[in-house]
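In my numbering, the protein residues as written are 378 to 822.
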């Protein structure tokens, strides 16, 4: 018992030593804490128009922090110590290799989790980003993602001969996930082929878990496959990294290296194939966090092809018209529209959806003024919300067509006939796309 206690105390001191060395290192501090904050500032400058700021991107931001700490910070530290002969001396200790590596991994976990906490604090106090909707689950998600990515870090350390090689190999992991893996660029802004390719990369599943914890009221419980993906990819990389672990700085890696590397890559392929087979690689939209969380990249992803023309049978829309040119019926409708109750509810998103429902009802009922009614509703929305705010509301309605409620009749506005919800939702989507396209100059008005 005394010997076990002594070993435990020694491992605890090794854990504390790893923390102290990292915190004393200026390079480790810069890469561990300053660089993640710079990434946050960069995201804030790109998504500065969002309300609330960064709320829909915290999953990406936290994933970048974990990637940097686990795939760069961890192997850089391990390889640097190996080059200085520290691990060769560790080999002489009467302690299992796993215990020494475990102490170093535990120290890295503390560093990465604390860096993530710093980012959350900076986002909250610097950009008024709301705190996580599920704080405990978000913290658990950060820990799970970190453990998975540290498996990749161990493999990078095993393959790299020196610190520059760590940077080169790390970039081979980092850049694809940043560019097409849903980490740096939101999935909704990527082309279809990139969305499908992202299913083979762990970054996609990390972002999904962390965003679920941060902004989705349902929490990370709905990310079972994401957990499975990270577990498989992280475990296969960790096993390969442990089997290829090197005490010496210089050692020729034989054929077994390629075999173990193949096992690590097999985890990526297995998850990608499983995702494709279960239909998880289709175009995705982040969990609905309200129109305030709709990003500019999501708005850019909306297309306007196949929309009916303004003067075709479906979703007619009259040209802009001066108030003096409106006949008696349209003037009366315009006055009633301004005070119409469903169009004045407290929830601006639902209010806009109700107004679009009214345009849809007018279109489906084949009212003689259906195009003019749609134009009046468009003008009313612009007057109330302003173009910048309205484009985000319209994008939210387009991206989440099944959210909220739609009106299927409006007797107080002269439309007493009842229509099916599916038909009205279709018209709401068409008019929302037309209005947004005209606001953004994508459709000629």
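We put the beta carbon where it would ideally sit given N, CA and C, even for glycine.
Computed from a predicted structure; not experimentally measured.
By the Cβ neighbour-count rule, residue 391 is buried, with 16 or more other Cβ atoms within 10 Å of its own. Distance from the CA of residue 561 to the CA of residue 525, rounded to the nearest whole angstrom, comes to 19 Å. For the pair residue 480 and residue 806, the Cα-to-Cα distance works out to about 55 Å. In the DSSP annotation of this structure, the continuous segment of the alpha helix (DSSP H) that includes residue 548 starts and ends at 540-557. Note that the C-beta distance between residue 492 and residue 528 is not below 8 Å.
Inside the stretch 424-461, DSSP marks whole alpha helix (DSSP H) runs of 4 or more residues at positions 435-444 and 451-460, from first to last along the chain. Judged by DSSP secondary structure, residue 470 falls outside any alpha helix (DSSP H); it is assigned neither H nor E.
Every alpha helix (DSSP H) of 4 residues or more that sits fully in the stretch 584-662 is shown, in chain order, as 601-620 and 632-654. In the structure shown, residue 392 adopts helical secondary structure according to DSSP, grouped into three states.
Taking residue 599 as the centre and dropping the five residues before and after it, the same chain places the C-beta of 589 and 593 closer than 8 Å to its C-beta, in chain order. When secondary structure is reduced to three states using DSSP, residue 787 falls in the strand class. In the structure shown, the three-state DSSP call for residue 792 is strand.
If you ignore the 5 residues before and after residue 546, its C-beta comes within less than 7 Å of the C-beta of 533, 536 and 537, all in its own chain and listed in chain order.
Assigned with DSSP and collapsed to three states, residue 561 falls in coil, not helix or strand. For the set 730, 450, 743 and 657, the Cα lying nearest the Cα of residue 779 is the one of 730.
In the three-state DSSP reduction, residue 692 falls in the coil class, being neither helix nor strand. Note on geometry: alpha-carbon atoms of residue 411 and residue 421 lie some 15 Å from one another. Here residue 652 is buried, its C-beta having at least 16 other C-beta atoms within 10 Å. With a 10 Å radius around the Cβ and a threshold of 16 neighbouring Cβ atoms, residue 456 comes out buried.
Of all C-beta pairs linking the stretch 572-588 to the stretch 640-654, three or more are shorter than 8 Å, placing the two stretches in contact. A residue is called buried once 16 or more other Cβ atoms fall within 10 Å of its Cβ, and residue 435 is buried on that count. Nearest in C-alpha terms to residue 741, of all of 803, 721, 489 and 790, is 803. Taking all protein chains in view, the Cβ of residue 389 is surrounded by fewer than 16 other Cβ atoms within 10 Å, so the residue is classified as exposed.
Within the same chain, Cβ atoms closer than 7 Å to the Cβ of residue 507 are found at 429 and 432, the five residues on either side in sequence being excluded.
If you look at residue 811, you'll find it in the alpha helix (DSSP H) that goes 798-816. In the structure shown, residue 477 adopts helical secondary structure according to DSSP, grouped into three states. Distance check between residue 406 and each of 440, 454, 418 and 437 places 454 closest, using alpha-carbon atoms only.
The criterion of a C-beta distance shorter than 8 Å is satisfied by residue 489 and residue 443. DSSP places residue 820 in the coil class of the three-state scheme, outside both helix and strand.
Contact between residue 408 and residue 450 holds: their C-beta atoms lie close to 6 Å from each other, under 8 Å.
Contact between the stretch 457-464 and the stretch 614-628 is present: 3 or more CB-CB pairs across the two stretches fall below 8 Å.
Using a Cβ-Cβ distance cut-off of 8 Å, the stretch 632-647 and the stretch 546-556 are not in contact, since fewer than three pairs of beta carbons, one from each stretch, lie closer than that value. Nearest to residue 746 by alpha-carbon distance, out of 776, 765 and 709, is 709. With respect to residue 693, residue 748 sits close: the two C-beta atoms are nearer than 8 Å. In the three-state reduction of the DSSP assignment, residue 751 falls in the helix class, which pools H, G and I. For residue 731, the uninterrupted alpha helix (DSSP H) segment begins and ends at 725-741.
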